[in-house]
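Engineer: Have a look at this one.
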Amino acid sequence: MYSRIIRNDISKSKLITLTTAIFVAAAAMLVSLAAILIVNLSGALDTLMTQAQTPHFMQMHSGDVDTERLTTFAEQNSNVDQFQVLEFLNMDGSQIRLGAHSLVNSVQDNGFSTQSEKFDYLLDLDGQIIDISDGELYVPINYLKDQTVGVGDKAVIGGKEFTVTGFLRDSQMNSMLSSSKRFLISKNDYDEIKNLGSVEYLIEFRLKDLSALGAFETAYAAAGLEANGPTITYPLFKMINALSDGIMIAVILLVSALVVAIAFLCIRFTLLAKIEDDYREIGVMKALGLRVSDIRKLYLAKYAAIAAVGSILGFALSFLFKGKLLENIRLYMGESENASFATALGVIGVLLVFLAILAYVNGVLRRFRTISAAEAVRFGISRDKSTGAKRFCLHRNRLLNTNVFLGIKDVLARKRLYATMLVVLVFSVFIMIVPQNLHNTIASSSFIQYMGIGSYDLRLDIQQTDHLSEKAAEIVRVMSTDPAITQYAALTTKTFKIKTEKGTEENIKVELGDHSVFPIEYSKGRVPVAEDEIALSVLNADELGKKVGDAIILVIKGQETQFTVSGIYSDITNGGKTAKAIFKDDAADVMWYVICVELVNAAHIDETIAKYADSYAYAKVSGIDEFVAQTFGSTISSVRQASHVSIAVALIIAVLVTLLFMKMLIAKDRYSIAVMKALGHTDSDITVQYISRSVFILIAGIVLGTLLANTLGERLAGAMISSFGASTFHFAVNPLSAYLLNPLLMIGSVLIATILGSLGAGRIQISDNIKE
Amino acid sequence: MKRMIIGEHIVKSFGEGDEKHHVLDGVSLEIREGEFVAVMGPSGSGKSTLMFALSGTDRINEGKVVFEGRNLAEASENELSDLRRTQMGFVFQQPTMLKNLNILDNIILPSMRDHRKKRVEIVEKARALMKRVGIAGLEQRDITQVSGGQLQRAGICRALMNSPRVIFGDEPTGALNSISAQEIMELLGEINADGTAVMLVTHDAMVAARTERILFMRDGKIASELKLPRYRGADLDERIEKVNEKMREIGV
Numbered sequence: 001m002y003s004r005i006i007r008n009d010i011s012k013s014k015l016i017t018l019t020t021a022i023f024v025a026a027a028a029m030l031v032s033l034a035a036i037l038i039v040n041l042s043g044a045l046d047t048l049m050t051q052a053q054t055p056h057f058m059q060m061h062s063g064d065v066d067t068e069r070l071t072t073f074a075e076q077n078s079n080v081d082q083f084q085v086l087e088f089l090n091m092d093g094s095q096i097r098l099g100a101h102s103l104v105n106s107v108q109d110n111g112f113s114t115q116s117e118k119f120d121y122l123l124d125l126d127g128q129i130i131d132i133s134d135g136e137l138y139v140p141i142n143y144l145k146d147q148t149v150g151v152g153d154k155a156v157i158g159g160k161e162f163t164v165t166g167f168l169r170d171s172q173m174n175s176m177l178s179s180s181k182r183f184l185i186s187k188n189d190y191d192e193i194k195n196l197g198s199v200e201y202l203i204e205f206r207l208k209d210l211s212a213l214g215a216f217e218t219a220y221a222a223a224g225l226e227a228n229g230p231t232i233t234y235p236l237f238k239m240i241n242a243l244s245d246g247i248m249i250a251v252i253l254l255v256s257a258l259v260v261a262i263a264f265l266c267i268r269f270t271l272l273a274k275i276e277d278d279y280r281e282i283g284v285m286k287a288l289g290l291r292v293s294d295i296r297k298l299y300l301a302k303y304a305a306i307a308a309v310g311s312i313l314g315f316a317l318s319f320l321f322k323g324k325l326l327e328n329i330r331l332y333m334g335e336s337e338n339a340s341f342a343t344a345l346g347v348i349g350v351l352l353v354f355l356a357i358l359a360y361v362n363g364v365l366r367r368f369r370t371i372s373a374a375e376a377v378r379f380g381i382s383r384d385k386s387t388g389a390k391r392f393c394l395h396r397n398r399l400l401n402t403n404v405f406l407g408i409k410d411v412l413a414r415k416r417l418y419a420t421m422l423v424v425l426v427f428s429v430f431i432m433i434v435p436q437n438l439h440n441t442i443a444s445s446s447f448i449q450y451m452g453i454g455s456y457d458l459r460l461d462i463q464q465t466d467h468l469s470e471k472a473a474e475i476v477r478v479m480s481t482d483p484a485i486t487q488y489a490a491l492t493t494k495t496f497k498i499k500t501e502k503g504t505e506e507n508i509k510v511e512l513g514d515h516s517v518f519p520i521e522y523s524k525g526r527v528p529v530a531e532d533e534i535a536l537s538v539l540n541a542d543e544l545g546k547k548v549g550d551a552i553i554l555v556i557k558g559q560e561t562q563f564t565v566s567g568i569y570s571d572i573t574n575g576g577k578t579a580k581a582i583f584k585d586d587a588a589d590v591m592w593y594v595i596c597v598e599l600v601n602a603a604h605i606d607e608t609i610a611k612y613a614d615s616y617a618y619a620k621v622s623g624i625d626e627f628v629a630q631t632f633g634s635t636i637s638s639v640r641q642a643s644h645v646s647i648a649v650a651l652i653i654a655v656l657v658t659l660l661f662m663k664m665l666i667a668k669d670r671y672s673i674a675v676m677k678a679l680g681h682t683d684s685d686i687t688v689q690y691i692s693r694s695v696f697i698l699i700a701g702i703v704l705g706t707l708l709a710n711t712l713g714e715r716l717a718g719a720m721i722s723s724f725g726a727s728t729f730h731f732a733v734n735p736l737s738a739y740l741l742n743p744l745l746m747i748g749s750v751l752i753a754t755i756l757g758s759l760g761a762g763r764i765q766i767s768d769n770i771k772e
Numbered sequence: 001m002k003r004m005i006i007g008e009h010i011v012k013s014f015g016e017g018d019e020k021h022h023v024l025d026g027v028s029l030e031i032r033e034g035e036f037v038a039v040m041g042p043s044g045s046g047k048s049t050l051m052f053a054l055s056g057t058d059r060i061n062e063g064k065v066v067f068e069g070r071n072l073a074e075a076s077e078n079e080l081s082d083l084r085r086t087q088m089g090f091v092f093q094q095p096t097m098l099k100n101l102n103i104l105d106n107i108i109l110p111s112m113r114d115h116r117k118k119r120v121e122i123v124e125k126a127r128a129l130m131k132r133v134g135i136a137g138l139e140q141r142d143i144t145q146v147s148g149g150q151l152q153r154a155g156i157c158r159a160l161m162n163s164p165r166v167i168f169g170d171e172p173t174g175a176l177n178s179i180s181a182q183e184i185m186e187l188l189g190e191i192n193a194d195g196t197a198v199m200l201v202t203h204d205a206m207v208a209a210r211t212e213r214i215l216f217m218r219d220g221k222i223a224s225e226l227k228l229p230r231y232r233g234a235d236l237d238e239r240i241e242k243v244n245e246k247m248r249e250i251g252v
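These protein sequence lines are chains A and B, in that order.
Using UniProt numbering, you'd call the opening residue of the first sequence number 1 and step up by one each time.
Using UniProt numbering, you'd call the opening residue of the second sequence number 1 and step up by one each time.
Written out as structure tokens, the structure is:
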């Protein structure tokens, strides 16, 4: 009997059934996709880091290395499982030519390595450890992604010719967010070009037990070993690798949560309308002695059928789309070993959606209990009183056209009914604006201020060269007389010892100089202005357990000096563990110089870059836009893609729901429409009334949605961005698209849907609906 | 008096092929200016359908309806709407009011469509009409807050707002108790006396007896017709008896 009732019911309300099924399918698809992506990302990442045997602790170091002392330390430390020192041959981009492209503009530190012997292997695209011969070159995977070069192409490095034999995955430096890229060449070739660049050492450890990492870090710092460069640990490697795809998954999760909510709203709306339609029948069934649970089953059966079909369809669709979304993960990290687990989790996700729908329908059907059999049979309609808007009267209406008035009056009088559509529109606007604002924010030049980089036009990096200070002073002297430059700041990074709470000593890199010239965003506190103030990066502050106002002790020239923490900022540069202060020091070794420059006319940036790059070959000169584009480029473009998809999704949702809503409304209102037509209102009068309703709700929806997007959405996006290490965050809004184009698109779509949806009003026959 | 509505061989049918059923099967009639007409007949005889056809509310399949010299079959939907709004008034059995509007707003609704008159004048006229039919003071009430009789009076006010040439009533007293029904009929009589034609569909002999001309319908055709002198407030029982007698005679 159930199947016949369901079939009859569905054939009577095809559009409504179809729309509900589409939303359920979309919700199921997104949830399943998110589950599959999460499992694949973590699985592929694990596989990559296991196969490559990523180091647990890595200290980069430029300068001499005392291998013997390090070996002794490694042997004596009970935590160490394996230890090695790798060489990384840093080479200027101008020395590297891949196929037709030179890497002269690359902001990456491109360098060369040989395959390591113990761990930290460079892998080919099958996940195998690469065995390389003379004359061959393996290129980092990102140059495959951006199609700089292909297999078989010629590459020229420092005048020596290589053949690109393949591409490599580097579990340390794969991500564009990590600033270095390793090329793989043979031992003989390496020796041949070694004098063309500067060697940096990667001092790497694998521990017996990763949980001992904290203790090991302390021990390493306390031993006073080589530390002239960033320190990076296993968890940070993992995070940098997961970030780009992680953001995509977060966006999908956000959208799927909203689509699930919209599916619920659709169900609620159609179900309530259906109950109202069937009010008398339900009353009769109750009067005949049927139990509420029996009646409920009749309705539940239909939605169970729709939800089942939608869920299966959604799951199938997720298989269709997962290939496209997994492409990036597969390219950078390879296959996941637990693919079958991913499918299982996808199924579980879809099942959860299905069960949630059933539970929800059951909840809505609870109101059967409140239907009085006597009242239902006698009156046939639920006597919901029109509420509010009593003062909003036609006979006092001066401003509005009568049809517009009637439309708005109806919305005000039946607030609960229209609330559903309002909420859906608010969600749609939210989905439309948030990813777009996120994209704008990431793409804006001020975003890097959240990342620990000030807002300047170009930067000069000087490192791994002799007489650093003299060279830097020379450049600064030239800049001070350069009319093209408005202001500059030279920042020196040095390593100091810091006393921890436990009394042990650790290394901390402190950037010295005037930090107020190009301020960054501080998540707490402010820039250091006094000699005894210091600002910490979020990672450092967390690790040291310090808040703004706390005291910390640095060892400077062998003396313990107390500093006050003036602020905490986000930083992704140099492994995320940095500090800023303004005190003078000439004792400690300089690790590197950064000179930040603001130009009089940013349009002339290329000339300035060329001028300084030519004059000072030892300095790496890069424009900040180029730096941002290359570092965040892939993240920005995937967020942009997501924002375009979101706009399309939002419009589709708005159109579908409006169409559905209007059809249902007209079915519900056929009596009032017949009355108005009998009284001489034309079809276009009625259409205008329905358009006024839509536009009224739409405007409220756009206003609310925009407000919500800029408050709650900003916070949500902030949570997402905080995975970068940025904890304060404000949207950079493009007013033209966010406040004009998007609303216009939305209004256009909803208007078309309203007109299509209210066409049915013209077919309503007066005589069919007013017959006594 | 001048002919206002002319119906010629009106056919209205539902269904297709073998199942085709003529609800109006070649009806011809005339309504004159200021006339007071009732249409009687059993359920399904086509009396409401006839009213919908004559008012241009429903399209007919064959024949023609001419209203004030205009062939309704040739008029567009919008022209028909304009005609209904400006020349005709409707009173139905159930008070067909919009739930969201109060009594006054419901009454002025058809007049607010056109901006020929000022809002203040429209409201003034509505108040005057409400006073005349005895529901002054109910302007701000919700339609659920007044009695059926009061609602029907409001419906009559609404029908009179645009000073129509004719008022169509489909069982206007059908949902009322007998006292309210009598009052409504007296009101319609007064309106008719002022010169507005009134055409009522009813199965109630008491209602029909107050009109001047009664059409009896059976199986989609006008079976018979009864003419009475203008009702002046006396001899109602006698008139009812005449109507009943006619009904017995033709067997409806």
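Glycine is no exception: its CB is placed at the ideal position from the N, C-alpha and C atoms.
When burial is assigned at 16 or more other CB atoms within 10 Å of the CB, is A:Glu772 buried or exposed?
Structural biologist: At A:Glu772 the pLDDT is 45, less than 50, meaning the model places this residue with poor confidence and gives no usable figure here.
Engineer: Would you verify that the beta carbon of A:Lys415 is, or is not, closer than 8 Å to some beta carbon of chain B?
Structural biologist: No, because no Cβ of chain B sits closer than 8 Å to the Cβ of A:Lys415.
Engineer: Taking only runs that begin and end inside the stretch 590–647 of chain A, name each unbroken beta strand (DSSP E) of 3 or more residues, in chain order.
Structural biologist: Complete beta strand (DSSP E) runs here, min 3: 590–599, 619–623.
Engineer: In chain order, what residues of the same chain have a beta carbon less than 8 Å from the beta carbon of A:Ala579, not counting five sequence neighbours either side?
Structural biologist: So the list reads Ile508, Lys509, Val510, Glu511, Ile534, Ala535, Leu536, Ser537, Asn540, once near-sequence residues are dropped.
Engineer: Contact criterion: CB-CB distance below 8 Å. Does B:Val123 meet it with respect to chain A?
Structural biologist: Yes, B:Val123 lies at the interface with chain A (some Cβ there is under 8 Å from its Cβ).
Engineer: Take every Cβ of the stretch 423–431 of chain A, pair it with every Cβ of the stretch 136–152 of chain B, and state whether three or more of those distances are shorter than 8 Å.
Structural biologist: With a cut-off of 8 Å, the stretch 136–152 of chain B and the stretch 423–431 of chain A do not count as touching, because too few Cβ pairs lie within range.
Engineer: Would you kindly check if the distance between the Cβ of A:Phe88 and the Cβ of A:Glu200 is under 8 Å?
Structural biologist: Yes.
Engineer: Starting from the Cα of A:Gly229, find the closest Cα among A:Ser180, A:Lys302, A:Ile371 and give me that residue.
Structural biologist: Looking at the Cα atoms, A:Ser180 is the closest of the given residues.
Engineer: How is A:Gln128 classed by DSSP in three states: helix, strand or coil?
Structural biologist: It is coil, neither helix nor strand.
Engineer: Quick one: grab the DSSP three-state call for A:Leu438.
Structural biologist: The answer is helix: DSSP assigns A:Leu438 an H, G or I state.
Engineer: Check whether the Cβ of A:Gln689 lies closer than 8 Å to any Cβ atom in chain B.
Structural biologist: Not closer than 8 Å to any Cβ of chain B, the Cβ of A:Gln689 fails to qualify, so no.
Engineer: A:Ile282 to A:Lys668, Cα distance in whole Å?
Structural biologist: Roughly 17 Å between the two C-alpha positions.
Engineer: Find the nearest neighbour of A:Ala287 within the set A:Ile312, A:Phe264, A:Phe216, A:Arg369, judged by alpha-carbon distance.
Structural biologist: A:Ala287 has its Cα closest to that of A:Arg369, out of A:Ile312, A:Phe264, A:Phe216, A:Arg369.
Engineer: If we count the other Cβ atoms within 10 Å of its Cβ and call it buried at 16 or more, is A:Ile240 buried or exposed?
Structural biologist: Counting Cβ neighbours within 10 Å, A:Ile240 comes out buried, since at least 16 surround it.
Engineer: Determine the closest residue to A:Arg391 out of A:Leu400, A:Lys409, A:Asn403, A:Asn401, with distance taken between C-alpha atoms.
Structural biologist: Closest option to A:Arg391, Cα to Cα, is A:Lys409.
Engineer: Taking Cβ-Cβ distances below 9 Å as the criterion, which residues of the UniProt domain "ABC3 transporter permease C-terminal" (647–765) of chain A are in contact with chain B?
Structural biologist: The UniProt domain "ABC3 transporter permease C-terminal" (647–765) of chain A vs chain B, Cβ under 9 Å: Tyr671, Ser672, Ala674, Val675, Met676, Lys677, Ala678, Leu679, Gly680, His681, Thr682, Asp683, Ser684, Asp685, Gly762, Gln765.
Engineer: So A:Cys393 contacts chain B; which residues on that side make the cut at Cβ distance below 7 Å?
Structural biologist: Those are Asn102, Asp105, listed as they occur along chain B.
Engineer: Mark A:Gly150 as exposed unless 16 or more other C-beta atoms lie within 10 angstroms of its C-beta, in which case mark it buried.
Structural biologist: By the neighbour-count rule (16 or more Cβ atoms within 10 Å), A:Gly150 is not buried but exposed.
Engineer: Can you list the residues of chain B that residue 800 of chain A reaches, using a CB-CB cut of under 9 Å?
Structural biologist: Here chain A covers residues 1 to 772 and nothing more, so residue 800 of chain A does not appear.
Engineer: Between the Cα of B:Met40 and the Cα atoms of B:Met217, B:Leu226, B:Tyr231, B:Ile240, which residue gives the shortest distance?
Structural biologist: Checking every option, the nearest Cα to that of B:Met40 belongs to B:Met217.
Engineer: Is the distance from the Cβ of B:Met4 to the Cβ of B:Ile31 below 8 Å?
Structural biologist: Yes, the pair counts as a contact, with Cβ atoms nearer than the cut-off.
Engineer: Would you tell me roughly how many angstroms separate the C-alpha atoms of B:Glu68 and B:Leu187, rounded to the nearest one?
Structural biologist: So the two alpha carbons sit approximately 25 Å from each other.
Engineer: Is B:Ala154 closer than 8 Å to B:Asn106 when the C-beta atoms are compared?
Structural biologist: Result yes, Cβ atoms of B:Asn106 and B:Ala154 sit closer than 8 Å.
Engineer: Taking the alpha carbon of A:Thr402 as the reference point, which residue from A:Ala212, A:Glu531, A:Arg693 has its own alpha carbon closest?
Structural biologist: When only C-alpha atoms are compared, the closest one is A:Arg693.
Engineer: Whose C-beta lies closer than 7 Å to the C-beta of A:Ile38 among residues of the same chain, with five residues either side of it excluded?
Structural biologist: Within the same chain, A:Ile38 has close Cβ partners Ile249.
Engineer: How is A:Glu772 classed by DSSP in three states: helix, strand or coil?
Structural biologist: Because the pLDDT of A:Glu772 is 45, which lies under 50, any placement of that residue in the model is unreliable, and the number read from its coordinates should be weighed accordingly. Here A:Glu772 sits in coil by DSSP.
Engineer: Which first and last residues belong to the beta strand (DSSP E) in which A:Asn90 is found?
Structural biologist: It spans 80–90 - the beta strand (DSSP E) in which A:Asn90 sits, taken as one unbroken run.
Engineer: Please confirm if B:Phe52 has its CB atom under 8 Å from at least one CB of chain A.
Structural biologist: Cβ-Cβ to chain A under 8 Å: yes for B:Phe52.
Engineer: Give me whichever residues DSSP pairs with B:Asn102 in a beta bridge.
Structural biologist: In the DSSP output, where bridge partners are listed per residue, B:Asn102 has B:Asp142.
Engineer: Does the stretch 204–211 of chain A touch the stretch 77–87 of chain A, meaning 3 or more C-beta pairs lie closer than 8 Å?
Structural biologist: Yes, the stretch 77–87 of chain A touches the stretch 204–211 of chain A.
Engineer: Can you pull the DSSP bridge partners for A:Ala413?
Structural biologist: For A:Ala413, which the question treats as bridged, DSSP gives no partner whatsoever.
Engineer: Using the beta-carbon of each residue, which ones in chain B are nearer than 7 Å to A:Thr402?
Structural biologist: Within chain B, the residues near A:Thr402 are Met112, Arg113.
Engineer: Assuming A:Ser638 contacts A:Ser336 under a Cβ cut-off of 8 Å, what Cβ separation, rounded to an integer in Å, is found between them?
Structural biologist: Rounded, the Cβ-Cβ distance is 19 Å, inconsistent with contact.
Engineer: Can you list, in chain order, the stretches of the beta strand (DSSP E) that have 3 or more residues and sit fully within the stretch 194–230 of chain A?
Structural biologist: DSSP runs (the beta strand (DSSP E)) wholly in the stretch 194–230 of chain A: 198–207.
Engineer: Could you pull the start and end residues of the beta strand (DSSP E) that A:Thr486 belongs to?
Structural biologist: Here the beta strand (DSSP E) through A:Thr486 covers 485–499.
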